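**Q**
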Amino acid sequence: MFSFEDGEVILIDKPLDWTSFDTVNFIRSLVNRCYGIRKLKVGHAGTLDPLATGLLILCTGKMTKQIDNYQAQIKTYTGTILLGQTTPTFDLESEPDAFFPTDNITPEQIEAARVQFIGDIKQYPPKYSAIKIKGKRAFDYARSDEEIELKARDIHIEDFKLSLDRFPELDFEVTCSKGTYIRSLANDFGKALGNGACLISLRRTRIGDFRVEDAWPLEKLKQHIIDTGDVFKAWKKEQEEKEQKQD
C-alpha cells in the first residue's frame, strides 16, 4: 500500500497520447477519490511528449523535493527517425512541410553524421516546446506565428546507436543528459545529412538506475490504487476510532 503523503516514487509506463501533466492529474484525482487525500503534492521528473511512451517518474508528498535530483540523471530513449521529410514540430504532431529524396544517402554518410552528435554539443530546442520565454511558452509564440529567439543549450550525448535495417526509417537508441530534445536531434541529424528528418516514435527506457521494465502500466496502477484505497480508508477509520476512545 502506498504512503502517498509521506512520499512515494512511482514508476509509470506512460501511454501514447497522454501528456505528463495528464498523468500527474489523473493520479492526483484518483488518490483523492480512493484514499480521501486532498491537496496531495504530485509531480513528475522529466516531461514526455504526448506521442512518446515510456518511463515517467512520479513523486508524491515529501518525495517531490527529490524531483530535481531525478530530472538531472542520464536518460535513455529508443525510437525511430524517418529520413526524407521534415515537420514544423520535428515529429508527427504536425503535417510534413518538406520532402527530400533519400536514395542517394549512403551508410557511410549516415555514420559520418551520427558521430557528430556524440559528446558535448549545442542544441536548439524546438520552437514547438514548453520552454518559457518572457513568460510565455515557446509553442504559444509558434502557434501565433510570432518570431522568437531560441538559445542553444549545452547537452551531452553519451551514446547514439542507429540501425539501417528499415531505411529510410532509422531505429535508434540514445543515452543523453538532462535537457536533450530527441525531436531536435532527429531534425538536426537530417540537416547533417543535407536532407530532412523527423521523429516518428519515441520511448524512454531509463532514467538513472530506474528502468521502464519496473514501471507500472497505467491501468494496472489505477486498479491497484482503487483496490488498496478501500483498505486504507478502513485502516484510517479504525485509527480514528482508537484515538476517540483514548480521548
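So in our numbering, the last one in the sequence shown is 495, and the numbering has no gaps at all.
Yeah, the Cβ is synthetic: ideal placement off N, Cα and C, and Gly gets one too.
This structure is a prediction, so every number in the text was calculated from the model and none was measured.
Quick one: Cα of ILE474 to Cα of SER277, how far?
**A** So the alpha carbons of these two residues sit roughly 12 Å apart.
**Q** Using a 10 Å radius around the Cβ and a threshold of 16 neighbouring Cβ atoms, would you call VAL279 buried or exposed?
**A** It counts as buried.
**Q** Check whether the region 358-367 touches the region 332-339, counting contact only when three or more Cβ pairs, one atom from each stretch, lie closer than 8 Å.
**A** Contact between the region 358-367 and the region 332-339 is absent, because fewer than three Cβ pairs lie under 8 Å.
**Q** Determine the DSSP secondary structure at LEU278, reduced to helix, strand or coil.
**A** It is helical.
**Q** Contact defined as beta carbons within less than 8 Å: I believe GLN466 pairs with ILE260. What is the distance between those atoms, to the nearest angstrom?
**A** It should be noted that the sequence gives Leu, not Gln, for residue 466. The Cβ separation is near 6 Å, so the contact holds.
**Q** So the beta strand (DSSP E) GLN371 belongs to, where does it begin and stop?
**A** Note, GLN371: beta strand (DSSP E), 367-371.
**Q** Taking a contact to mean a Cβ-Cβ separation below 9 Å, would you say LEU264 touches CYS446 in this structure?
**A** Not closer than 9 Å, so no.
**Q** In its own chain, which residues sit with a C-beta less than 6 Å from the C-beta of ALA440, not counting the 5 before and 5 after it?
**A** So the list reads ALA361, GLN364, once near-sequence residues are dropped.
**Q** Please report the Cβ distance between ALA400 and TYR372, rounded to the nearest whole angstrom; I am assuming they are in contact, meaning their Cβ atoms lie under 8 Å.
**A** 5 Å between Cβ atoms; contact.
**Q** Out of curiosity, what's the CA-to-CA distance linking LEU299 and ARG286?
**A** Approximately 30 Å, taken between the alpha carbons.
**Q** Which residue's Cα is closest to the Cα of TYR325: GLY284, SER432, THR453?
**A** Cα-wise, what sits closest to TYR325 is THR453.
**Q** Taking the beta carbon of ASP436 as the centre, do at least 16 other beta carbons fall within 10 Å, making it buried, or is it exposed?
**A** Buried, because 16 or more other Cβ atoms sit within 10 Å of the Cβ of ASP436.
**Q** Shortest alpha-carbon distance to LYS409 belongs to which of THR423, ILE448, THR312, ILE305?
**A** Among THR423, ILE448, THR312, ILE305, the Cα nearest to that of LYS409 belongs to THR423.
**Q** Kindly indicate which residue of ILE430, ALA320, GLY438 has the alpha-carbon position closest to the one of PHE348.
**A** With distances taken between Cα atoms, PHE348 lies closest to GLY438.
**Q** Between the Cα of GLN471 and the Cα atoms of GLU253, CYS282, HIS404, which residue gives the shortest distance?
**A** Ranking the options by Cα distance to GLN471, first place goes to CYS282.
**Q** Would you mind reading off the limits of the beta strand (DSSP E) that contains SER342?
**A** Unbroken run through SER342: none, as it is neither H nor E.
**Q** Between which two residues does the beta strand (DSSP E) carrying GLY438 extend?
**A** Element bounds for GLY438: not the beta strand (DSSP E) but the alpha helix (DSSP H), 430-440.
**Q** Figure out for me which residue from GLU341, GLU253, ASP297 has the closest Cα to the Cα of MET221.
**A** A query on residue 221 cannot be resolved here, the shown segment of the chain reaching from 249 to 495 and no further.
**Q** Where does the unbroken alpha helix (DSSP H) through ARG362 begin, and where does it stop?
**A** 355-363 is the extent of the alpha helix (DSSP H) around ARG362.
**Q** So ILE315 is in the alpha helix (DSSP H); what residue range does that whole segment cover?
**A** ILE315 -> alpha helix (DSSP H) spans 315-319.
**Q** Quick one: using the 10 Å Cβ neighbour count with 16 as the cut-off for buried, is SER411 buried or exposed?
**A** So SER411 counts as exposed.
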